[in-house]
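Student: Got a structure for you, written out below as structure tokens; questions coming shortly.
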């Protein structure tokens with residue numbers, strides 16, 4: 387519990403009131419040959435020094451959301467809304483500003499470190515390349531910084547002379563994190579950054595990210611499908627379904643008492659070590675197809691609480707409770723009062 | 607329940623300098639479910655592939671219903687007999703089906719091979735029903751199906767052979783949580799209905815708890831702990847099992863303590879073992 | 603693992619993302635193939651009718667492409683010549699594809715010593731220039747289409763077998779192939795029913811590209827007077843026959859078959875490359 391408390395206090399004292407490092411407002415993203423927007427009015431903020439988890443299943447739009455922060459959009463994508471990083475709108479900025487953003491202000495850690503690192507270059511080249519090419523930092527200076535950061539992520543500076551093939555997956559992900567920190571970012575985007583790792587390695591990487599956040603005050607957007615992980619590492623959680631944020635709130639409140647049927651159902655469907663054995667409460671059906679128009683609540687066809695209004699009218703997102711420190715718990719559901727599911731099966 | 611359907615005894619397998627599987631022995635009761643848990647490099651997948659026959663063991667015996675499975679197969683009859691002993695469901699449902707072959711054609715192909723002359727149409731309907739696929743998916747190609755649906759097809763195809771044992775190699779790892787729960791429930795139903803035995807390879811302790819009776823924990827090719835799932839998960843004896851259990855994120859989780867425990871275990875267990883890529887070579 | 607179709611440098615630069623070139627080339631290929639198929643019916647004159655009095659006449663209403671030094675109608679010879687000029691490469695491609703796929707698949711699937719023997723021996727052929735091999739075989743067996751076709755088929759075989767081998771190796775790693783093995787299907791069954799249909803489009807795209815090269819090689823042999831017999835209408839042979847006329851200041855009867863060869867080769871290449879690209883995209 388101690389780490390959690392520390393994180394929570396850090397987030398609430400420091401920066402929730404200050405302007406957030408990431409502020410997504412009404413982001414709507416359309417792709418060619420789809421009937422509905424893949425992202426439909428996404429609102430999300432990350433404050434400095436805050437860890438925010440974005441949870442969703444494949445196709446929910448969580449990865450697109452995080453990629454849109456760096457304007458890494460699929461070809462033919464049409465956007466509405468604003469994605470502000472440190473106050474600047476990413477969607478409208480010039481190419482030069484965008485490059486500065488990608489090399490400096492915001493950095494991304496990808497899921498598969500082995501696929502994201504050129505196997506033929508030494509780790510040192512990989513780490514220093516972007517800094518040397520884009521900011522004109524001298525080679526010695528870049529190398530010095532790379533060495534420092536390798537130590538910060540728990541690796542020996544000698545790793546710089548090694549090739550990616552000589553490192554294990556966990557070590558490579560540390561290298562990726564060091565590389566992401568090279569530009570001294572205000573915002574770190576971790577897209578399923580621990581999914582490809584073993585559980586014990588995952589714990590190490592998570593511990594490392596927490597340390598680095600405390601040390602550098604970086605805002606962290608952690609994109610994951612793993613609810614358990616999201617609950618334990620983040621201050622606030624956003625739950626996405628079919629391109630919409632269906633529930634958002636402080637991690638502990640959201641998992642202790644989910645207010646959206648989807649969140650509750652996901653918690654109940656996760657095989658856990660502390661739940662009674664036996665059948666899982668699976669969610670029947672499939673997420674909605676991108677080729678079909680959506681009216682009403684996207685989760686209605688799979689929802690046990692659904693009534694007539696759910697299929698006709700999309701629920702507005704509203705605050706259910708305000709946490710003492712001012713962090714709201716918001717939910718987009720017509721029947722959020724009926725949702726009783728908690729982290730326990732039931 | 608006492609009848610043993612699968613017997614694995616002293617299996618070894620070495621790739622170059624890496625002992626991928628080191629003296630692994632276990633047995634599976636008829637209609638039972640055994641989990642093999644471990645991280646990448648633990649040898650769990652190699653063990654599964656040896657049991658299925660996709661890899662061969664350097665030494666050791668594998669017996670299914672008393673018949674040995676080591677050595678090369680010669681001839682059609684022997685090949686089909688082996689296929690009816692053990693079937694497998696693979697991890698990635700996007701790669702384990704031929705992209706050109708539709709659902710019904712895939713099942714028909716298997717049935718024609720193993721049960722020529724039987725009423726295939728009826729059996730296909732039965733199998734699709736058993737795995738919870740509607741008749742609408744009959745003509746669909748794999749790319750028109752979702753991950754969960756494809757995994758259902760893969761399960762139906764394995765069941766079509768009517769095997770004694772089904773090896774599930776991380777069969778739900780690539781699926782979303784909501785779909786994963788559907789498939790896990792389906793697997794529990796199928797075992798209850800058909801009495802097929804499961805060898806369940808996974809890294810996910812929650813999943814192991816959900817679908818297995820017994821479990822073995824593997825590390826660096828060796829079995830470090832074995833026992834009933836309930837017992838191993840509630841009162842782990844080996845420090846590595848404890849580390850695995852503590853690594854699962856849950857409220858009050860302390861990643862720093864786990865990281866420290868992992869390093870400590872690493873130093874005590876194998877001083878000669880270097881981290882340099884070894885753990886990622888074979889799995 | 604991705605495998606690229608082998609391309610000789612040069613022509614690959616003609617690759618273009620724009621559809622008009624591809625459509626134009628596809629249309630040209632169709633026209634040439636139709637001309638070859640329907641030659642006896644659409645040929646405007648007897649391609650072998652000699653009219654020495656009219657030798658080397660320029661284009662006229664009766665002979666729109668002019669006549670050659672023996673007074674034969676150039677258009678008629680072009681149309682009829684399309685038959686031998688396309689039939690030869692077709693034989694080369696058919697034989698090299700069939701044998702190459704068989705060898706490549708066997709090598710990849712069986713692996714071990716058989717792979718080494720098959721791969722090394724086909725690569726030996728790389729060391730021999732195809733033309734030289736063809737000249738050798740023609741020198742031994744004499745004139746005729748069969749000898750150069752077989753020689754070139756052997757020369758082109760390694761391109762196909764090497765590509766097939768790498769494709770099958772990659773395909774073999776896929777879990778669906780493992781699944782069929784576990785299901786008890788025999789290796790030939792899996793190869794024929796599942797692996798080959800999946801790698802087929804890439805191999806066929808390579809073969810289409812090979813077709814163009816084979817055409818130019820065979821035309822080259824004909825030009826050297828090896829290969830097709832003297833009187834058979836053939837584009838390469840026509841260039842040889844027109845050569846003397848060029849020295850007499852009348853290049854037309856040599857230029858037309860040259861143009862036909864170049865355009866056909868380019869068209870086949872563009873079509874083949876396009877198919878290869880399309881297959882590569884579909885795989886993604």
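Residue numbers (my numbering), protein chains in the order written: chain E, 387 to 732; chain Z, 607 to 889; chain L, 603 to 886.
Just so it is clear, CB atoms sit at the ideal spot from N, CA and C, and this is done for glycine as well.
1) Can you confirm whether residue 880 of chain L, when its beta carbon is compared against all beta carbons of chain Z, has any partner nearer than 7 Å?
2) How long is the line joining the alpha carbons of residue 772 of chain Z and residue 693 of chain Z, rounded to whole angstroms?
3) First and last residue of the beta strand (DSSP E) that includes residue 693 of chain Z?
4) Give me the Cα-Cα distance between residue 791 of chain L and residue 699 of chain L, rounded to the nearest whole angstrom.
5) Would you check if the stretch 836-848 of chain L and the stretch 670-684 of chain L touch, i.e. whether three or more CB-CB distances between them fall below 8 Å?
6) So, using beta-carbon positions, are residue 612 of chain E and residue 449 of chain E closer together than 7 Å?
7) List the residues that DSSP assigns as beta-bridge partners of residue 641 of chain Z.
8) Quick check on the burial criterion: 16 or more other C-beta atoms within 10 angstroms. Buried or exposed for residue 621 of chain Z?
9) Grab me the residues of residue 724 of chain E's own chain with a C-beta within less than 7 Å of its C-beta, minus the 5 sequence neighbours each way, in chain order.
10) May I ask which residues mark the beginning and end of the alpha helix (DSSP H) holding residue 735 of chain Z?
11) In chain Z, which residues lie with their C-beta within 7 Å of the C-beta of residue 592 of chain E?
12) Residues in the stretch 799-822 of chain L with C-beta within 7 Å of chain Z's C-beta atoms, listed in sequence order?
13) Taking the DSSP output, what are the residues bridged to residue 890 of chain Z?
14) Count the other CB atoms within 10 Å of the CB of residue 650 of chain Z; is the residue buried (16 or more) or exposed (fewer)?
15) Could you tell me whether any Cβ in chain Z is nearer than 7 Å to the Cβ of residue 662 of chain E?
16) Could you tell me the boundaries of the beta strand (DSSP E) in which residue 648 of chain E lies?
17) For residue 828 of chain L, tell me which candidate among L/745, L/639, L/817 has the shortest Cα-Cα distance.
18) If contact means a Cβ-Cβ distance below 7 Å, which residues of the stretch 483-516 of chain E contact chain Z?
19) Could you tell me the boundaries of the alpha helix (DSSP H) in which residue 845 of chain L lies?
20) With residue 557 of chain E and residue 508 of chain E assumed to form a contact (beta carbons below 8 Å), what rounded beta-carbon distance in angstroms separates them?
21) Quick one, which residues of the stretch 611-627 of chain E are near chain Z if we go by CB-CB under 8 Å, in chain order?
22) Terminal residues of the continuous alpha helix (DSSP H) containing residue 511 of chain E?
23) Under 7 Å, do residue 706 of chain E and residue 643 of chain E count as touching if we go by C-beta distance?
24) Where does residue 542 of chain E fall in DSSP's three states?
25) Between the stretch 546-567 of chain E and chain Z, which residues of the former have a C-beta closer than 7 Å to a C-beta of the latter?
26) How long is the line joining the alpha carbons of residue 712 of chain Z and residue 775 of chain L, rounded to whole angstroms?
27) Quick one: using the 10 Å Cβ neighbour count with 16 as the cut-off for buried, is residue 799 of chain Z buried or exposed?
28) Using a Cβ-Cβ cut-off of less than 7 Å, give me the residues of the stretch 780-795 of chain Z that come near chain E, in sequence order.
29) Please classify residue 879 of chain Z as buried or exposed, where buried requires at least 16 neighbouring CB atoms within 10 angstroms.
30) Around the C-beta of residue 740 of chain L, are 16 or more other C-beta atoms found within 10 angstroms, so that it is buried, or is it exposed?
31) For residue 691 of chain L and residue 673 of chain L, I'd like the C-alpha separation in whole angstroms.
32) Name the two residues that bound the continuous alpha helix (DSSP H) containing residue 743 of chain L.
33) Does the Cβ-Cβ distance between residue 581 of chain E and residue 497 of chain E come in under 7 Å?
34) Counting only beta-carbon separations shorter than 7 Å, does residue 574 of chain E have a partner in chain Z?
35) If you compare alpha carbons, which of L/685, L/646, L/874 is closest to residue 635 of chain L?
36) May I ask you to list, following chain order, the residues of the stretch 447-468 of chain E that have a beta carbon less than 7 Å from some beta carbon of chain Z?
Tutor: Taking the coordinates as given:
1) no
2) 5 Å
3) 692-695
4) 20 Å
5) yes
6) No, the Cβ-Cβ distance between residue 612 of chain E and residue 449 of chain E is not below 7 Å.
7) Z/806, Z/821
8) exposed
9) Excluding residues within five positions, the ones whose Cβ falls inside 7 Å are 691.
10) 726-736
11) Here the neighbours are 861.
12) 799, 800
13) Because chain Z is modelled from 607 through 889, residue 890 of chain Z falls outside the range shown and cannot be assessed.
14) buried
15) Taking Cβ atoms only, chain Z never reaches closer than 7 Å to residue 662 of chain E, which makes this a no.
16) From DSSP, residue 648 of chain E is part of no beta strand (DSSP E) but of the alpha helix (DSSP H) over 647-655.
17) Taking each of L/745, L/639, L/817 in turn and checking the Cα distance to residue 828 of chain L, the smallest one comes out for L/745.
18) none
19) Segment 837-849, the alpha helix (DSSP H) holding residue 845 of chain L.
20) The pair is not a contact, with the Cβ atoms about 14 Å apart (cut-off 8 Å).
21) Going along the stretch 611-627 of chain E in chain order, one finds 611, 612, 613, 614, 615, 617, 618, 619 with a Cβ nearer than 8 Å to chain Z.
22) 509-521
23) Against a cut-off of 7 Å, the Cβ pair of residue 643 of chain E and residue 706 of chain E comes out as no contact.
24) DSSP places residue 542 of chain E in coil when its eight states are reduced to three.
25) 551, 552, 553, 554, 555, 557
26) Computed Cα separation, rounded: 19 Å.
27) exposed
28) Listed by position, the residues of the stretch 780-795 of chain Z near chain E (Cβ gap below 7 Å) are 782, 783, 784, 787, 788, 790, 791, 794.
29) Because residue 879 of chain Z carries a pLDDT of 39, less than 50, the predicted location of this residue cannot be relied on, and no value is offered for it.
30) Counting every other CB atom within 10 Å of its CB across the protein chains shown gives residue 740 of chain L a total of 16 or more, marking it as buried.
31) About 28 Å.
32) Residues 732-743.
33) yes
34) no
35) L/685
36) Under the 7 Å Cβ criterion, the stretch 447-468 of chain E contributes no residue.
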